[in-house]
Structure formats: structure tokens, C-alpha cells
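>
Protein chains in written order, with UniProt numbering: chain W, 1 to 258; chain Z, 1 to 258.
1. By DSSP, does residue 231 of chain W sit in helix, in strand, or in coil?
2. Just tell me which of Z/148, Z/214, Z/209 and Z/139 has its CA closest to the CA of residue 28 of chain Z.
3. Nearest-angstrom Cα distance between residue 41 of chain Z and residue 112 of chain Z?
4. Relative to the C-alpha of residue 148 of chain W, which candidate in W/210, W/219 and W/129 has its C-alpha closest?
5. Chain Z beta carbons: is any one of them nearer than 8 Å to that of residue 256 of chain W?
6. Would you list, in chain order, the members of the segment 97–120 of chain W that have their beta-carbon closer than 7 Å to a beta-carbon of chain Z?
7. If the criterion is Cβ atoms closer than 8 Å, does the pair residue 105 of chain W and residue 191 of chain W meet it?
8. How close, in whole Å, do the beta carbons of residue 202 of chain Z and residue 157 of chain Z come, if the pair is a contact with beta carbons under 8 Å?
9. Is the separation between the beta-carbon of residue 131 of chain W and that of residue 199 of chain W shorter than 8 Å?
10. If you run the structure through DSSP and keep just helix, strand and coil, what is residue 219 of chain W?
11. Quick check on DSSP: helix, strand or coil for residue 109 of chain Z?
12. Restricting to Cα atoms, I'd like to know which of Z/80, Z/50, Z/229 and Z/78 is closest to residue 185 of chain W.
13. Along the chain, where does the alpha helix (DSSP H) containing residue 129 of chain W start, and where does it finish?
14. Measure the Cβ-Cβ separation of residue 102 of chain W and residue 31 of chain W and say whether it is below 8 Å.
15. Let me know the secondary structure DSSP gives residue 9 of chain W once reduced to three states.
16. Residue 109 of chain Z and residue 55 of chain Z - do their beta-carbons sit closer together than 8 Å?
17. Give the DSSP-derived three-state secondary structure of residue 43 of chain W in the structure shown.
18. Counting only C-beta atoms, is residue 69 of chain Z closer than 8 Å to chain W at any point?
19. Under 8 Å Cβ to Cβ from residue 107 of chain W, same chain only, skipping five residues before and after it: list those, please.
20. In the structure shown, what three-state DSSP assignment does residue 117 of chain W receive?
21. Consult DSSP for residue 179 of chain W and reduce its assignment to one of helix, strand or coil.
22. Measure from the C-beta of residue 125 of chain Z to each C-beta in chain W and report whether the shortest distance is under 8 Å.
23. Can you check whether the C-beta of residue 186 of chain Z is within less than 8 Å of a C-beta belonging to chain W?
24. Can you find the residues in the same chain that come closer than 7 Å, C-beta to C-beta, to residue 99 of chain W, ignoring five residues on each side of it along the sequence?
25. Report the rounded CA-to-CA distance for residue 145 of chain Z versus residue 152 of chain Z, giving the unit in angstroms.
26. Using alpha carbons as the reference points, say which of W/72, W/87 and W/73 lies closest to residue 22 of chain W.
27. Would you say residue 72 of chain W and residue 95 of chain Z are within 8 Å of each other, going by their C-beta atoms?
28. Hey, is residue 230 of chain Z's beta-carbon within less than 8 Å of any beta-carbon in chain W?
29. Using a Cβ cut-off of 8 Å (strictly closer), state whether residue 21 of chain W contacts chain Z.
30. If you draw a straight line from the C-alpha of residue 17 of chain Z to the C-alpha of residue 212 of chain Z, how long is it?
31. Could you run through the segment 173–197 of chain W and flag, in chain order, every residue whose CB is less than 8 Å away from some CB of chain Z?
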């Protein structure tokens, strides 16, 4: 604006950018929490709210991108200041993706709400609590520029991967027990996958905090433990009753669970 | 390096960054193609290669990030030059994610290769051809700085979403027909989802090209048509034989397909 009367210092502008990220983080956190609640309570109204509110995160990302590019052009920053701005671009992109996953969980909860309650649904709030606490720690670590806290949160993502892998195998088993479980369990598996991806984006943010504060990439190497992609569960291994297995033509040859 | 003898012009440095993106794009494209081939041919060796080669894309992203930050600090660019550098950060992040999805498709193909051939597997090469052609167009649009080509590719993502939604419903139906289809079809659904996500990242790149060339965000608004998240298929709607449906305790009350 040509008529801008307030002249801010560069430090104030960086602080403002950082506050925008913190606010966007708060909205993303609330979206994840509400999406998980919508699944647990089969709350269609809440799910609809989450889907609508996703546009707020898109708007935050656009604002943060525009502000970051403006500061790069105007202030020609170096060192830590430059890292602040580059980090804000990266973190906003991760938070926007987290919002997309929350909206997709809400969307799938609408399909689930039409169906009988599926047992593995209890695992969603369990994954939800873990992912919410990882997100909270990562966002606190950002506000406090606390690398140790960021690394601690980054390490907890492994629990989430393990929870996801066991839920994946469990879901396959329920589907084999009763075909009425197939649609709800498939949506639950995708919801769990979304939660696992939210965790991955939270670890991306933790890595960005390390780069921001220390100036170098995070050198730790945690092997990615997505066991679910290898999971094979056969109808017999799933303990399908003998007569039913016979009716379905299941034979020993297909029993190659790993 | 203090002993650097070659002094490059800024224009040369930007061209080098742009070439790095083009190379990374080529590797990502090859990874997607190889992953789809590994599924279609049940080729375990090729799948393993794809999983191993993913590290190359991670290395490209690190190099591009480092080079972009170096140029921001050293050259303090403005306008189009600044957009070139910010765009390279964004595109590298999208290509790295595309690589992750290709590696996950390859990983799941290892589980699939142990199982009987599942019918919807033919849909994977079909989605593969579409996503490969969208990626090719987007990468050409980047090299040629061709906004119209980028928008045309961006619009074709809708076909991919439609293909994914129909594959999702088809997969649910096969699972209901025979529990032996449950594990392979679940992996196929996740592969199809990965392909749909690769398409989303390709459209992100198309949007970045618009920003890079025109200087403003892409104002078009294509409604996101992920119908699969709402999909409900009941065992009866899936045409489960009457006697079997009875044995499984399926009744009309659960027949709420939409």
C-alpha cells in the first residue's frame, strides 16, 4: 500500500511472519483434533465444519508465501534471517498438507457414519492422540526455537508408524471376517494412512526447525518403518471359520502370510 | 570454496539451478514409470531398484535447496530471478514427494507379487500412462516456461481423479466377492491413491510454473473431485451370491450404497 504509515523494522516483520506460522500451526492442530473427534463421535456436522475450514489454511499459506517473497525482495536477508524466511515457506507448505489430510479424514467420516460401527475405529482416536501430541511439541519447538524438543518429537514419529502398521494388519483381518466390514475398514485404513502422513509432515517441520536454528540439515537417520506396505494377510491366517473358508473356496495354497 | 576459479554469471547460475530441476524431474519421471512397470510385470528386481534409487531424489532436493539458499544470500535477487529461486524450492519438494510415492508403489508391488493376480491390477498401468503423460507435459512446460501447457496438464488431473474414484469402487467390489482379494486389492487401492497423489503434486508444479512466469498465483478453481472418500459399497450391492450373503449374515438394512 502506497499510503502505509507504519514503518516496521525488519525484526518486527520477521516476528510477524513467525507469528503467522504459529497461528497457522494452531489452526492445523485444531483441524486434526476436530477431524479425529468427528470420526469418534460420528459427528457429521463437525466433519462438515472441518472440510469447510480447510480453506483457511490455504489462505494462510498464500499469505505466508507472499510475505516471505516480499521480505526476500525488499530486505535481501542473510544467514539466520534468510533461514527464517526459507523455513516459513517450507513449514507453511507442510501445515497446508496436514490440513488436507485432516479434511480428508473428515470427508471419509461422512461415509463411515452411514455404516455400522467397525471395531478398528477405536484405533483412530489412539493414533489421533499421538499425532496431536507430536504436532503440539513440534509447534512449541518452533515457537521456542528449541532444537532438542524438535528432535524428541521427530523421534516419536516411529511410534506412530508402528501403530499404523499394526492397524493395517488388523483392518485386513476384520475385512476377511465379514464383508460388511470391507467398506468401513477401507476408509479406516485410509484415515490411518492420513494420520501417518500427518506425522511425516510434523517430522518435516522438526527437520526445518533444526535447519533454522543450527543452519545445517538434521543428520540423524531414522529408518522409515512403514511395515504396512509389505503386509500380507490371508483369509486362513485371519482365522476365517472352516466352513465359511470352504464356501469361499479358500485353500491352503493361498495361506502365505508373512 | 575459497579456491573456486570459475566465476559464473548470475544468469548462468540460475540456468544451472533450472537444469538441476529438469534433471530431477527426469529422474522422478523414470521412477514413476519403473514402479508402474514393476507392478504390471510383477518384477521384484525392478521394484527393488526403484526403492533404492529414491535416495537420488532426496540428494537432488538437498542440492537444489542448498543452491537456492546460496543464491538468495549471495545474489539478493528481485522479481523474476527471485521467483525462479523460490519456484525451484517448491518444485524440488514436489518432485521429492513424487519419488516417495513411486517408491511406495514399488514396495507394495513386492507384497502383490506374492499373491494371486488381482483383476483391478490392469487399472494401475492405465492410471500409470495418464500420470506419466501429465508429468511429462508439466516438466516440458517448466523447461519451456510455457504457462498454457502447464494449465492444460493441470486440467487433465481431473481425469486421473475420476479414474481413481472408479477404481476405488471396483476394488471394494472385488474384495467383497472373494476374501482372497482383500490383501491384494487393499495394496492396489493404496497404489492407486499414490498415483492420484503424484497427479496432485504434478498440478502443484503446474501452479508454480504459472507463478514463476506470470508472477501471480493461478486463479482458476477446479473443484477437487475425490469421490472415493465418499464411496460406500455394500456386500449386497456388490452382488454377493444370496446363499453366501445369508451365511455371512448380510441383511437389507446394511444395503446403503450411495
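In this text, a Cβ means the ideal position worked out from N, Cα and C, and glycines have one as well.
If we stick to the structure as given:
1. coil
2. Closest by alpha carbon: Z/139.
3. 11 Å
4. W/210
5. Model confidence at residue 256 of chain W stands at a pLDDT of 29, short of 50, so the residue's coordinates are unreliable; what they give is reported in the following sentence. By this cut-off, residue 256 of chain W is an interface position.
6. 104, 107, 108, 110, 111, 114, 115 and 116
7. yes
8. 7 Å
9. yes
10. coil
11. helix
12. Taking only the C-alpha atoms, the option nearest residue 185 of chain W is Z/229.
13. 123–144
14. yes
15. coil
16. No.
17. coil
18. yes
19. 47 and 51
20. coil
21. helix
22. The beta carbon of residue 125 of chain Z sits no closer than 8 Å to any beta carbon of chain W.
23. Residue-level contact check: residue 186 of chain Z touches chain W, since one or more beta carbons of chain W fall below 8 Å from its beta carbon.
24. 28, 31, 54 and 57
25. 13 Å
26. For the residues W/72, W/87 and W/73, the minimum Cα distance to residue 22 of chain W belongs to W/87.
27. A distance of 8 Å or more separates the beta carbons of residue 72 of chain W and residue 95 of chain Z.
28. yes
29. no
30. One Cα belongs to residue 17 of chain Z, the other to residue 212 of chain Z, and the distance between them is close to 14 Å.
31. 175, 176, 178, 179, 180, 182, 183, 186, 187, 189, 190 and 193
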